[in-house]
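Last residue of the sequence shown: 256 in this note's numbering, with the numbers rising by one and none dropped.
Glycine included, C-beta positions come from ideal geometry on N, C-alpha and C.
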Amino acid sequence: MTAYDWLTPTAEEHIGWDVDVLYGPWPRHHRDIGLTEVRSVLARSPVARALALSTRGPLFDDRAGNAETVRDLADCPELLPVGTIDVRDALTAEDRLDELTADGVRFLRLFTVEQAAEPGFPGYRHVVSLALERGLVLLHDGDPRRFGPGLTGRGADVVFLDLHAYHLADFLLLARDEPGFRTTTRMLSGSDSIERLVGSVGARHLVFGSRTPFMDISPQTLRLRYADISDADRAAISTENVEELLA
């Protein structure tokens, strides 16, 4: 039998950076998916490198979770550690952020859904202000329509992790005036979502994110492979936009 061409990964599916990788237990999944298994999943995929963190940080103890992430990933050249802060205890945020920056961590992931944070909560606003003062890139969960307006006009670099295709137009309105606003490919499942974003605000506003190991990487790499965009735009989304954040 002849294999279908879409079953064989090609250069168009190469992903230099995946910004949305977790390891450890998660409330809505029935088992603890450890770092070894996550690395195995990535090794079998077109993803070369990823931003990752232990779920111990957002779920149990941010300080211990951050230390675990930095320690675990020290021997994983394909994974770059991401820190987090428990916005429910924002009085400790300054110490946590200083610890992260001392460890060379460049990305801070906010779990506002799991920690029931709202844009107007004092703790959330305090954490965001401290993170932006330190030049950290925010990996931000939740609805960009709710959290995006409070981040405008602040020169923030933000990657929104949970933008749904149904809400793309609102993100595009925000991104027109915010060069640092980006979103991931994960939930842009509309037939022309990627093309619409690239055509409206440019490929620099989109990065690849899979939510490994809780979602399948393949449909997302295929969607990017067959998107009606230029090779230069595809390379920006899959690799170059994250490398710009790391420069």
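Query, Result
"Measuring alpha carbon to alpha carbon, tell me which of Arg65, Tyr32, Pro222 ends up nearest Asp95.", "Arg65"
"Could you tell me which residues DSSP puts in a beta bridge with Leu117?", "Gly92, Leu147"
"To the nearest angstrom, how far is the alpha carbon of Ile160 from that of Arg115?", "With the sequence shown as reference, residue 160 is identified as Leu, and Ile is not the correct amino acid for it. Rounded to the nearest angstrom, the two C-alpha atoms are 18 Å apart."
"Helix, strand or coil, according to DSSP, for Arg243 in the structure here?", "helix"
"From the DSSP output, in three-state form, read off Leu68 for me.", "helix"
"Considering only the beta carbon of each residue, do Arg191 and Val216 sit closer than 9 Å?", "yes"
"How would you label Leu142, buried or exposed, when you count the other beta carbons within 10 angstroms and need 16 or more for buried?", "Correcting the residue type first, residue 142 is Glu in the shown sequence and not Leu. With fewer than 16 Cβ atoms within 10 Å of its Cβ, Glu142 is classed as exposed."
"Specify whether the stretch 19–37 and the stretch 238–254 touch according to this definition: at least 3 beta carbon pairs, one from each stretch, less than 8 Å apart.", "yes"
"Expressed to the nearest angstrom, what Euclidean distance is found between the alpha-carbon atoms of His149 and Gly113?", "19 Å"
"Could you check the C-alpha separation between Ala125 and Gly157 for me, to the nearest Å?", "17 Å"
"How should Tyr235 be labelled, buried or exposed, when 16 other C-beta atoms within 10 angstroms of its C-beta is the threshold for buried?", "exposed"
"Could you give the DSSP three-state label for Gly74: helix, strand or coil?", "helix"
"Using CA coordinates, which residue listed in Gly189, Asp84, Val50, Gly92 is at the minimum distance from Arg163?", "Gly189"
"What are the start and end residues of the alpha helix (DSSP H) that includes Val30?", "Counting along the chain, Val30 falls outside any alpha helix (DSSP H), though it belongs to the beta strand (DSSP E) covering 24–32."
"Does DSSP classify Ser63 as helix, strand or coil?", "strand"
"Using 10 angstroms around the beta-carbon of Val56, count the other beta-carbons present and answer buried if the total reaches 16, otherwise exposed.", "buried"
"Hey, Arg51 and Glu87: beta-carbon distance below 9 Å or not?", "Checking the sequence, you will find Leu at residue 51 rather than Arg. Yes."
"Suppose the cutoff is 6 Å on Cβ atoms and the five residues either side in sequence are ignored; what does the same chain contact list for Val122 look like?", "Asp150, Gly151"
"Evaluate contact between the stretch 65–79 and the stretch 38–45, counting only Cβ atoms and requiring at least three cross-stretch pairs below 8 Å.", "no"
"So Thr93 packs on Leu62, CB below 8 Å; how close in whole Å?", "6 Å"
"Of the residues Phe69, Ser49, Thr19, Ser54, which one's Cα is nearest the Cα of Pro36?", "Phe69"
"Could you check if Gly211 is buried or exposed, using at least 16 other CB atoms within 10 Å of its CB as the buried criterion?", "exposed"
"Starting from the C-beta of Pro128, find all residues in its chain whose C-beta is less than 7 Å away, skip the five residues before and the five after it, and write them out in chain order.", "Arg155, Phe156, Gly159"
"Let me check understanding here. Comparing Cα to Cα, which of Leu255, Pro228, Asp242, Ile246 lies closest to Pro18?", "Pro228"
"Considering Cα atoms alone, identify which of Leu82, Leu89, Arg80, Gly132 is closest to Glu103.", "Gly132"
"Measure how close the beta-carbons of Arg58 and Leu89 come, nearest whole angstrom, since I'm counting them as under 8 Å.", "7 Å"
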